[in-house]
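Engineer: What follows is a structure written as structure tokens; I'll ask about it next.
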Amino acid sequence: MVNDMSNSHATNITLTHREGGQSRTALRIPDGLTPFVRYAETGDNGNPDQLHRLHSIREPVPAVADFVSPVYLLTDEQVAKHDELLSKDDLFRVQDYTSIATKIQTECEDDGRVRYPVFVESDADVVHAEMRAGLKSFVREVLEVDPDDAKWFFSGGSSLHVHFPYYVANEDALQQLRREAKQYNENATVTVDASNFTKKSLVRLPGAEHHDTGSRKTPVSPTSSDEKLQNRIAQMRAGAAPKGNGGISYYAGTPEIVRYSLSDELGVIKEIPTPIIEQQDRPVGTGNVERWKRYNRHPFCPYANAGNQRRSVLVARVKGTPFCRKTTVNGSEAGRTYVPTYIYGGVSADGEYTVWRENAPVQLSKQDYKKWEYQPGDTIVLLGGNSTSSRIIELEDRFFRELTVSHLLHDSKWVNEGKDGRKEALNALRQFGYEVGSAGKNGPRRENSTNNREFRPTDAYRLQQRAEQDGVETLSHEERRDMGNRLLRTRGWNGAIEWFQEQYGERYDRKVTHEQLRSIANEYDDLPSPP
9 MVNDMSNSHA TNITLTHREG GQSRTALRIP DGLTPFVRYA ETGDNGNPDQ
59 LHRLHSIREP VPAVADFVSP VYLLTDEQVA KHDELLSKDD LFRVQDYTSI
109 ATKIQTECED DGRVRYPVFV ESDADVVHAE MRAGLKSFVR EVLEVDPDDA
159 KWFFSGGSSL HVHFPYYVAN EDALQQLRRE AKQYNENATV TVDASNFTKK
209 SLVRLPGAEH HDTGSRKTPV SPTSSDEKLQ NRIAQMRAGA APKGNGGISY
259 YAGTPEIVRY SLSDELGVIK EIPTPIIEQQ DRPVGTGNVE RWKRYNRHPF
309 CPYANAGNQR RSVLVARVKG TPFCRKTTVN GSEAGRTYVP TYIYGGVSAD
359 GEYTVWRENA PVQLSKQDYK KWEYQPGDTI VLLGGNSTSS RIIELEDRFF
409 RELTVSHLLH DSKWVNEGKD GRKEALNALR QFGYEVGSAG KNGPRRENST
459 NNREFRPTDA YRLQQRAEQD GVETLSHEER RDMGNRLLRT RGWNGAIEWF
509 QEQYGERYDR KVTHEQLRSI ANEYDDLPSP P
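With the sequence shown counted from 1, adding 8 to any position gets you our numbering.
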């Protein structure tokens, strides 16, 4: 089934996929509305110069077009007026507007009849292999879809472009996605261009020639090796990209990008999708599996098998609002409340059940639901117990989150260092100034707690603090390998690379870092494999 739903920040993102060789879409086009776009060519100064008319998405792409706008849903009256002025070659006879195209765009924006493409771009000052890895991190963390399902391109300049089969359905959602991108950029080495999530933003078309370099926007693989990606881009810069048949409308893939997610040869499909929360079966052939798991994976219960001072510890990001579902308990049907989350790390009270970096629902007791005050996007620590009244803390910093999860890893089945992971995590939270207390009321967002006597920093924590305060080169070779080991476990490849890049700055050597991390990963069967 196709799905039209909101992501964790209430951003209406519409997903499409292929069925039987035809492009299916959940983008609902009401009767009487027709999708149009506005193209632009490259001006003499290198900036887009918009055409003064609109084009139906079923029309051929103009040969001069280098950019395309969001999709505007025109009424029959707007189409008639546009075509009338076009037939008279009088597109500028519009009061208070530069052209009929600008007037119709503004009217559609005012009425909420615009569909904004989800398009991600980065021109970060890193090699393209690292840029691709960083963009994938953004896609997984913010858009929460599979980056390999997108269409990837080298821009012809310095950027990578990622086109998704998604459309944001309203301006509020677009602004929220822009805020989320800016928030992500605060802690990212590979930043994304948040300006793409604005009204009237334009997307460079495949095959378009870059004004500064003369190279064309060309497809690249999201899954090729780093070496192949770099070689492919080097070839494009050397002029090896296909130049079509003299015009961009002949370039392979261009019409598909324009119509991406909107139509097929039979016209726009107007199905009303089944909300993902109501789908019992795992989606097949779509990018919605992770969202589905957020509501339908086996839930994490903070209260199970608690007692004797044992507490569960969960670190998660809130991905939606609480929902209720009927379930069978001891042979009888009962309603349970859950909240959709992305779980960074969770350990049950008895330590037997763990969840690591998975989308999954978290069960809320009646007491916890009554005091629930958290919004999608918040990162929380939930400390559960036998009383079913948990202490819930909101974490303010990504570093706090990662360090807390790294302590919890001691309770995982693949890290066995004889340490109590939950106790280590609680001690770390105390040092950060959070009051962990006992299960009960929610913890303050931050307290100037001096109750740090029980905190005993791990060796890895001391090494990280020393490297970040005094410089990474104050660590010996073996200490840096220890840090690489721990970072691979807790942050994965991208996170480990980003940390070392941040510490070394201009002295960062990508080749040496990758070689050292590969060497570490090859020593341990439980570390993630090199990308």
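For each residue, glycine too, the CB sits at the ideal point set by N, CA and C. These figures come from a predicted structure and were not determined experimentally.
1. Going by DSSP in three states, A312 sits in which element: helix, strand or coil?
2. Mapping DSSP to helix, strand and coil, what is Q371?
3. Is it the case that the Cβ atoms of V126 and L185 are separated by a distance below 9 Å?
4. Could you check if Q86 is buried or exposed, using at least 16 other CB atoms within 10 Å of its CB as the buried criterion?
5. Give every residue of the same chain whose Cβ lies closer than 7 Å to the Cβ of D156, excluding the five residues on either side of it in the sequence, and list them in chain order.
6. What did DSSP end up calling P56 once you bin it into helix, strand or coil?
7. Pick helix, strand or coil for H306, following the three-state DSSP scheme.
8. Do you know offhand how far R453's Cα is from V444's?
9. Going by beta carbon distance, what residues of the same chain come within less than 6 Å of V480, once the five residues before and after it are set aside?
10. What do you reckon, are the CB atoms on G142 and T197 nearer than 9 Å?
11. Between which residues of its own chain and L182 is the CB-CB distance below 6 Å, once the five residues before and five after are set aside?
12. Give the range of the alpha helix (DSSP H) segment to which G429 is assigned.
13. Here's the rule I'm using: 16 or more other beta-carbon atoms within 10 Å means buried, otherwise exposed. How should E523 be labelled?
14. Using 9 Å as the threshold, is the C-beta distance between S320 and L391 below it?
15. Over what stretch of residues does the beta strand (DSSP E) that includes E124 continue unbroken?
16. Is it right to say T349 is buried, meaning 16 or more other beta carbons lie within 10 angstroms of its own, or is it exposed?
17. Helix, strand or coil for G500 per DSSP?
18. Under 8 Å by Cβ, that's how I've got R302 and N367 pegged, so tell me the actual separation to the nearest angstrom.
19. With contact counted as at least three CB pairs below 8 Å, one residue from each stretch, are the stretch 408–417 and the stretch 370–384 in contact?
20. Would you kindly work out how many angstroms separate the C-alpha atoms of E129 and D104, rounded to a whole number?
21. Could you check the C-alpha separation between Y346 and E115 for me, to the nearest Å?
22. So for H63, helix, strand or coil by DSSP?
23. Grouping DSSP H, G and I as helix and E and B as strand, with all else coil, what is G513?
24. Does E188 pass the burial test, meaning 16 or more other C-beta atoms within 10 Å, or should it be called exposed?
25. Pop quiz: F75 and P56 are said to be a contact at Cβ under 8 Å. What is the actual Cβ separation, rounded to whole angstroms?
26. Report the rounded CA-to-CA distance for S167 versus T221, giving the unit in angstroms.
27. Suppose the cutoff is 7 Å on Cβ atoms and the five residues either side in sequence are ignored; what does the same chain contact list for V266 look like?
28. Using 9 Å as the threshold, is the C-beta distance between H63 and I108 below it?
29. How is Y350 classed by DSSP in three states: helix, strand or coil?
30. Going along the chain, which residues of its own chain have a beta-carbon closer than 8 Å to the beta-carbon of P536, five neighbours each way excluded?
31. Mind checking who A324 pairs with in its DSSP beta bridge?
32. Excluding five sequence neighbours on each side, which residues of the same chain lie with their C-beta closer than 6 Å to the C-beta of F172?
33. Drop a sphere of 10 angstroms on the beta-carbon of H169, count the other beta-carbons inside from all chains shown, and report buried for 16 or more, exposed for fewer.
34. Please classify F508: is it buried, with 16 or more other beta-carbons within 10 angstroms of its beta-carbon, or exposed?
35. Going by beta-carbon coordinates alone, are R333 and D386 separated by less than 9 Å?
36. If you count every other CB in all the chains shown that lies within 10 Å of the CB of Y532, and 16 or more means buried, which is it?
Structural biologist: Reading from the atomic positions:
1. coil
2. Q371: strand per DSSP, three-state reduction.
3. Against a cut-off of 9 Å, the Cβ pair of L185 and V126 comes out as a contact.
4. buried
5. P230, T231
6. strand
7. coil
8. Unreliable placement is indicated for R453, whose pLDDT of 40 sits below 50; the coordinate value is still reported in the next sentence. Their Cα atoms are separated by approximately 11 Å.
9. Q511
10. With contacts defined as CB atoms closer than 9 Å, G142 and T197 qualify as a contacting pair.
11. Spatial neighbours of L182 in its own chain (CB-CB distance under 6 Å, excluding positions within 5 residues in sequence) are listed in chain order as Y124, V176, F205.
12. 429–439
13. exposed
14. Cβ distance < 9 Å, so S320 and L391 count as in contact.
15. Inspection of the sequence shows that residue 124 is occupied by Tyr rather than by Glu. Where Y124 is concerned, the enclosing beta strand (DSSP E) stretches over 122–130.
16. Counting Cβ neighbours within 10 Å, T349 comes out buried, since at least 16 surround it.
17. helix
18. 4 Å
19. No, the stretch 408–417 does not touch the stretch 370–384.
20. 34 Å
21. 41 Å
22. strand
23. helix
24. Under this definition E188 is a buried residue.
25. 5 Å
26. 12 Å
27. Residue placement at V266 is poorly supported in this model, since its pLDDT is 45, which falls under 50; the coordinates still yield a value, given next. Once the five neighbours on either side are set aside, the close Cβ partners of V266 are V45, I65, V69, V76.
28. Cβ atoms of H63 and I108: not closer than 9 Å.
29. strand
30. L496, G500, W501, A529
31. DSSP, once it has assigned bridges, lists I351, I388 as partnering A324.
32. V126, A158
33. buried
34. buried
35. The answer is no: Cβ separation not under 9 Å.
36. exposed
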